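Residue numbers (this note's numbering), protein chains in the order written: chain A, 1 to 330; chain F, 1001 to 1459. Each residue gets a CB set at the ideal place from its N, CA and C atoms; glycine is no exception. Every value quoted in this text rests on a predicted model; they were computed, and no experiment measured them.
Okay, here's the thing in structure tokens:
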């Protein structure tokens, strides 16, 4: 039984290639059985995508593998790496700044990701309204995502100025006190979380695609059954958006673990006050390029990768409980 | 055009693009070309003035000196130079913050200059290096080898706005470096009298905070005899009682002038990344701050009519000498440079008497070359800083210098903010830096480090 109350049918997915009785069992036999034209097409195809293949091998697979190797060495970027075994990993687990940077990053992820999903979903619903000016609204809602992170950071520094910034001017209007968010270890994290919401347009576009993929007939049936907008959202929209929600959640968590630019600019690269905005990537960057400890920085990168992988696997595992893939069937 | 012709054509175009781009990167080469990563864009004229002077000498005939400004994203960001050296595009000469020399030498980024002195000079390296201030040479020394020549130096002093002090009823004689060295207690009282608070509790005018501008842990640490490293035991000593007392100073001031209020004041009148003209001191909002001779240039440019003056750093007791510390730059040779006699001659010219006497009067800082100091080749307004030099020293030349600086700067904020006690801050710094230094077991700083340096003309 699906979350929408509709049972799935046995109709084949359109993505599935049609099976033929004459198709050879193994890939090798299939290749051998290729016609000259097919072989030429395959070669041409591979040639055309070769820049991408080379790019992945040279700029992703090689650096990742090399980084894993370096994580077991002491390496400054100049002399040959010296093997130190798991020393870098032991150091990472006893380094007070790693603990601080990790807790800051978790704080950021726990608030910024759910809030980001909520903002993106709200924007997507607004973009999906059946009004004449919808194209204009979509542009307006998406436009903040086009502002580069460094520019947004400078805007926020002015916006949050404790005396002249718009944020405090509005607070003053309601009799509130002047708040210097960037001068407080927790406040600076909150400011960066708020800044991150201006990039919600990308996730909103993906939510919008998901919204538009939900068949209108389901809503029509629900309306006939007397369901109001709230009930329709809970029983139809949200369940059928869960695959998109899963995608946005995974990318959101991945992005949150790598938060860097805003914090680097707002704090002048220090992460202060009191290391309140020293996020994991910032500390990793400092370790690598400030202190030239590339081996240790590689170990930090591997740990980040493992943490990201574990989180993604956990989310996928949990997703079996909340993700609904019945929209195609519907 | 069939597919084969298209693919061949695309391949040729791609290869041509790669060839053209790699040709574009390579400039003139050879023993008569020196590629130099110089000062920042605003100081290019000074580098160019030295270059022109060198080209007019006998050694400079036929030479070509290519000056590049490579923007650095931070004092301790080595990514550009490491990338250039590893990529085979290292400059032959690099204008570098001297403080990073030992760290950079320890990772193999720099060439020692002692072999060049032995090859091209008629005197021993020790005698040759006596032309420069000792602490500046010490800061470039790693494992008995020198990794560059010091070009400029400075010192930290108290910068104050006479107008603000007078409006607050302060007797300016107290700040006259000829008459008096202010004590911490006196400074606190002056700060109280300057500071004005509005109805909401915001500082409208502010006196002084020891953690702002150049108020680093080192700035007060040398006066309180706090040492980072003990040569005798080869250990980091960032948890010593002296360091605790440095952090107690920050905590003590923050109790009366809370960190959050001071931060709000600066964020309002001198926000981060603001242009140099937007200074709380220039706008008459700030009474005093910690600064150095490099500020003279900015003061003259942006506030020529404002009576801004310098005096000694405060002392604990009236009869003790004021102590400070000096930073500055150097010229170093990165690994992979084309090391020739021509390069040595230019390095010697630029960092020696001729280059320093051209640059320093324009730059505002002090020379490190003793002859240039003796002949007053600097802005006369920096004379007080020359007087400070005998009681000044460099930051400790350690392979973990950047990390130690970073830790001290961070915990300074933590203590002022109240999230760490002075003892916790000292212990935290020790826990962070000592393991990094263990990789250099038995390391010793130069024996002369921390001892008074000979400075001509200083009292």
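So does the region 1284-1302 of chain F actually touch the region 1183-1200 of chain F, counting three or more Cβ pairs closer than 8 Å? In short, these stretches touch, since the Cβ pair count reaches three.
Does the separation of the CB atoms of residue 254/A and residue 202/A fall below 7 Å? As a first step, residue 254/A is located in the first chain; it is residue number 254 there, counting from the start. As a first step, residue 202/A is located in the first chain; it is residue number 202 there, counting from the start. Going by C-beta atoms, residue 254/A is not nearer than 7 Å to residue 202/A.
Would you verify that the beta carbon of residue 1334/F is, or is not, closer than 7 Å to some beta carbon of chain A? In the second chain, residue 1334/F corresponds to position 334, counting from 1. No, residue 1334/F does not count as interfacial toward chain A.
Assign residue 224/A to buried or exposed, taking buried as 16 or more other Cβ atoms, counted over all protein chains shown, within 10 Å of its Cβ. Looking up residue 224/A in the first chain gives position 224. With fewer than 16 other Cβ atoms within 10 Å, it is exposed.
Between residue 1155/F and residue 1450/F, what straight-line distance do the alpha-carbon atoms span, to the nearest angstrom? To locate residue 1155/F, count along the second chain from 1; it is residue 155. To locate residue 1450/F, count along the second chain from 1; it is residue 450. For residue 1155/F and residue 1450/F, the gap between their C-alpha atoms comes out near 15 Å.
Is there contact between the region 1211-1228 of chain F and the region 1408-1415 of chain F, where contact requires at least three CB pairs shorter than 8 Å? Two segments are said to touch when three or more pairs of C-beta atoms, one from each, lie closer than 8 Å; by this definition the region 1211-1228 of chain F touches the region 1408-1415 of chain F.
To the nearest angstrom, how far is it from the Cα of residue 323/A to the Cα of residue 1281/F? Walking along the first chain from the start, residue 323/A turns up at place 323. Walking along the second chain from the start, residue 1281/F turns up at place 281. One C-alpha to the other measures close to 59 Å.
Report buried or exposed for residue 177/A, applying the criterion of at least 16 other Cβ atoms within 10 angstroms of its Cβ. Along the first chain, one-based indexing puts residue 177/A at 177. Residue 177/A should be labelled exposed.
Just tell me which of 100/A, 280/A, 75/A has its CA closest to the CA of residue 88/A. Taking the first residue of the first chain as 1, we reach residue 88/A at position 88. Ranking 100/A, 280/A, 75/A by Cα distance to residue 88/A puts 75/A first.
At the level of alpha carbons, what is the spacing between residue 210/A and residue 312/A? For this step, residue 210/A is matched to residue 210 along the first chain. For this step, residue 312/A is matched to residue 312 along the first chain. Within the model, the alpha-carbon separation for residue 210/A versus residue 312/A is close to 21 Å.
Close Cβ partners of residue 10/A (< 6 Å) along its chain, the five nearest in sequence each way excluded: To locate residue 10/A, count along the first chain from 1; it is residue 10. Note that residue 10/A scores a pLDDT of 39, beneath 50, so its modelled location is shaky; the value from the coordinates is reported in the next line. Answer for residue 10/A: no residue qualifies.
Using only alpha-carbon positions, find the residue among 1327/F, 1338/F, 1215/F, 1257/F that is nearest to residue 1207/F. Numbered from 1 along the second chain, position 207 holds the residue referred to as residue 1207/F. Relative to the Cα of residue 1207/F, the nearest Cα in the group 1327/F, 1338/F, 1215/F, 1257/F belongs to 1257/F.
For a contact meaning CB atoms closer than 7 Å, what does residue 163/A contact in chain F? Within the first chain, residue 163/A is the residue found at index 163, counting from 1. Against residue 163/A, the close residues of chain F are 1202, 1268, in the order they occur along the chain (beta-carbon pairs closer than 7 Å).
In the DSSP assignment, what residue or residues form a beta bridge with residue 1064/F? Translated into positions along the second chain, residue 1064/F becomes position 64. When DSSP reads this structure, residue 1064/F sits in a beta bridge with 1033/F.
What are the boundary residues of the alpha helix (DSSP H) that residue 137/A is part of? Numbered from 1 along the first chain, position 137 holds the residue referred to as residue 137/A. Residues 134-142.
With distances taken from CA atoms, which of 1037/F, 1042/F, 1263/F is nearest residue 1213/F? Taking the first residue of the second chain as 1, we reach residue 1213/F at position 213. Checking every option, the nearest Cα to that of residue 1213/F belongs to 1263/F.
Is the Cβ-Cβ distance between residue 267/A and residue 277/A less than 7 Å? Locating residue 267/A in the first chain gives position 267, counting from the first residue. Locating residue 277/A in the first chain gives position 277, counting from the first residue. For residue 267/A and residue 277/A, yes; Cβs fall inside 7 Å.
Label residue 1350/F either buried or exposed according to how many other C-beta atoms from any shown protein chain fall within 10 Å of its C-beta, with 16 as the threshold for buried. Locating residue 1350/F in the second chain gives position 350, counting from the first residue. Buried, by the Cβ-count rule.
Contiguous alpha helix (DSSP H) assignments of at least 4 residues, all confined to the region 186-239 of chain A: Within the region 186-239 of chain A, the complete alpha helix (DSSP H) runs of at least 4 residues are 201-212, 216-224, 229-232.
Taking Cβ positions only, does residue 1024/F come closer than 7 Å to chain A? Taking the first residue of the second chain as 1, we reach residue 1024/F at position 24. Low confidence applies here, because residue 1024/F scores a pLDDT of 46, under 50, leaving its location unreliable; read the following figure in that light. Output row for residue 1024/F: interface = no.
Considering Cα atoms alone, identify which of 112/A, 115/A, 142/A, 111/A is closest to residue 126/A. Translated into positions along the first chain, residue 126/A becomes position 126. Considering only alpha carbons, the answer is 142/A.
Looking at chain A, is there any beta carbon in it that lies within less than 7 Å of the beta carbon of residue 1441/F? In the second chain, counting from the first residue as 1, residue 1441/F sits at position 441. It does not: the Cβ of residue 1441/F has no partner Cβ on chain A nearer than 7 Å.
Where the beta strand (DSSP E) containing residue 1205/F begins and where it ends: The sequence position of residue 1205/F within the second chain is 205, counting from 1. Element bounds for residue 1205/F: 1203-1205.
Quick test of your reading: residue 1036/F and residue 1091/F, contact by CB under 8 Å. State the CB separation rounded to the nearest angstrom. Locating residue 1036/F in the second chain gives position 36, counting from the first residue. Locating residue 1091/F in the second chain gives position 91, counting from the first residue. Yes, they are in contact, since the Cβ atoms of residue 1036/F and residue 1091/F sit about 6 Å apart, within 8 Å.
Since residue 1332/F sits in a beta bridge, which residues does DSSP pair it with? In the second chain, residue 1332/F corresponds to position 332, counting from 1. Partner(s): 1094/F.
Min CB distance residue 1419/F to chain A below 7 Å: Position 419 of the second chain, counted from the start, is the residue given in the question as residue 1419/F. Yes, residue 1419/F lies at the interface with chain A (some Cβ there is under 7 Å from its Cβ).
Name the residues in the region 69-90 of chain A whose C-beta lies less than 8 Å from a C-beta of chain F; which are they? Listed by position, the residues of the region 69-90 of chain A near chain F (Cβ gap below 8 Å) are 74, 76, 77, 78, 79.
In whole angstroms, give me the CA-to-CA distance for residue 1442/F and residue 1323/F. By one-based count along the second chain, residue 1442/F stands at place 442. By one-based count along the second chain, residue 1323/F stands at place 323. Straight-line Cα distance between these residues: approximately 29 Å.
Own chain, CB closer than 7 Å to residue 219/A, minus 5 neighbours either side, in chain order: Translated into positions along the first chain, residue 219/A becomes position 219. Cβ within range, chain order: 232, 236.
Which residue from 1368/F, 1342/F, 1416/F, 1403/F puts its Cα closest to that of residue 1057/F? Position 57 of the second chain holds residue 1057/F. Ranking 1368/F, 1342/F, 1416/F, 1403/F by Cα distance to residue 1057/F puts 1342/F first.
Please report how far the alpha carbon of residue 309/A lies from the alpha carbon of residue 47/A, in whole angstroms. Within the first chain, residue 309/A is the residue found at index 309, counting from 1. Within the first chain, residue 47/A is the residue found at index 47, counting from 1. Cα to Cα, the separation comes out at about 32 Å.
Name, please, each residue of chain A whose Cβ falls closer than 8 Å to the Cβ of residue 1433/F. Looking up residue 1433/F in the second chain gives position 433. Within 8 Å Cβ-Cβ: nothing; residue 1433/F doesn't reach chain A, min ~11 Å.
Per-residue contacts from residue 177/A into chain F (C-beta, under 9 Å): Numbered from its first residue, the first chain carries residue 177/A at position 177. The contacting residues are 1200, 1201.
Neighbourhood of residue 269/A by C-beta distance below 6 Å, restricted to the same chain and skipping five residues each side: The count along the first chain starts at 1 and reaches residue 269/A at position 269. The answer is none, since no qualifying residue turns up.
Hey, how far is the Cα of residue 371/A from the Cα of residue 243/A? What the structure shows of chain A is the stretch from 1 to 330, and residue 371/A is not part of that stretch, so it cannot be assessed.
If we call anything under 7 Å between Cβ atoms a contact, is residue 399/A one with residue 246/A? Missing from the structure shown is residue 399/A; chain A here goes from 1 to 330 and no further.
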